[in-house]
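Accompanying notes for the structure given below.
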Amino acid sequence: MFKKKLQIPSAETALVGRAEKMLLSTTAHYVHQHDITAPWPAGFEQAMFGMGCFWGAEKLFWQLDGMWITAVGYAAGHTPNATYAEVCTGKTGHNEVVLAVYDPSVISYASLLSTFWQGHNPTQSMRQGKDVGTQYRSGIYIFSDQQQAAATRSKQDYQSALDAQGFNDIQTEIMTASEFYYAEEAHQQYLAKNPAGYCGLGGTGVACPAEGKS
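If you count by our numbering, then the sequence shown holds residues -7 to 206, one letter each, in order.
Here you go:
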């Protein structure tokens, strides 16, 4: 069972899932109060990241200036509308991810990438600290060619910075964003609702190179 949790299942072997979407009794962001479901304000952009347990990852992003909303959910897998319990089995292929909707006139995508790289250890594979499994893998899920180019460039730059400090190779996957399935309401903005709650994130201590243009 442990070994299976370190291997992403194929579409044929993944759990079947369901057509019904996750029902949230409220869609108001606990911190920002904006609706965490689309549509977004005109001109705003989306970003999506996986960097370990999504509770702590989401907090890193909702604290940034220019952030409209953040939400946690499941993506980059196979099982439609999976539950948290199903994702934890390792049989859905999903990653725990943070969806961030932001105002690009206030904060750049490059700044979000810096928060991503510095907020976790991207050299770990299928884990983050004590959290082990495919849902804790490092991932950047892109929405445009511009994000693809920026993410690829930043990965190369951060690898050079890590190399200089003796770290291993980055394990982060960079791929087109698949459908985002909202996690259960209890997980949304979890550390704002539970300030003393668990957060297993820890970075490498290596700073990102100077920010480039996104």
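All C-beta atoms in this analysis are idealised placements derived from N, C-alpha and C, irrespective of residue type, glycine included.
- Kindly identify the DSSP beta-bridge partner or partners of Ala63. Taking the first residue of the sequence shown as position 1, residue 63 is located at position 71. Per DSSP, Leu91.
- For the alpha helix (DSSP H) that Ser130 lies in, which residues bound it at each end? Your numbering for residue 130 matches position 138 in the sequence shown. It is not in any alpha helix (DSSP H) - Ser130 instead sits in the beta strand (DSSP E) that spans Ser130 to Ile134.
- Query: Measuring CA to CA, which of Thr107, Asn87 and Asp95 is closest to Glu165?
  - Reply: Position 173 of the sequence shown, counted from the start, is the residue given in the question as residue 165. Measuring from the Cα of Glu165, the nearest candidate turns out to be Asn87.
- Do you know whose CA, among Gly65, Ala188 and Gln127, lies nearest Leu91's CA? Translated into the one-based positions of the sequence shown, residue 91 becomes position 99. Per the Cα distances, Gly65.
- So which of Asp57, His24 and Ala74 has the shortest CA-CA distance to Ala11? Taking the first residue of the sequence shown as 1, we reach residue 11 at position 19. Across the set Asp57, His24 and Ala74, the C-alpha of Ala74 shows the shortest separation from the C-alpha of Ala11.
- Cβ distance (whole Å) where Ser106 is taken to contact Cys200 below 8 Å: Taking the first residue of the sequence shown as 1, we reach residue 106 at position 114. Taking the first residue of the sequence shown as 1, we reach residue 200 at position 208. Rounded, the Cβ-Cβ distance is 4 Å, consistent with contact.
- Item | Selected residue, minimal CA-CA separation from Ser100, among Gln38, Tyr174, Gln120 and Gly44 | Here residue 100 is taken as the residue at index 108 of the sequence shown, counted from 1. Shortest Cα-Cα distance from Ser100 to any of Gln38, Tyr174, Gln120 and Gly44 involves Gln38.
- Task: With a cut-off of 8 Å on the beta carbons, I'd call Gly195 and Gly111 a contact; round off their distance for me.
- Result: What you label residue 195 is simply residue 203 of the sequence shown in a count that begins at 1. What you label residue 111 is simply residue 119 of the sequence shown in a count that begins at 1. With a Cβ gap of about 6 Å, Gly195 and Gly111 count as contacting.
- Would you report the Cα separation of Ser130 and Ser117, rounded to the nearest angstrom? Against the sequence shown, residue 130 aligns to sequence position 138. Against the sequence shown, residue 117 aligns to sequence position 125. In this model, Ser130 and Ser117 are separated by some 7 Å (Cα to Cα).
- Grab the span of the alpha helix (DSSP H) containing Phe46 for me, first residue to last. Position 54 of the sequence shown, counting from 1, holds the residue named residue 46. Where Phe46 is concerned, the enclosing alpha helix (DSSP H) stretches over Phe46 to Trp54.
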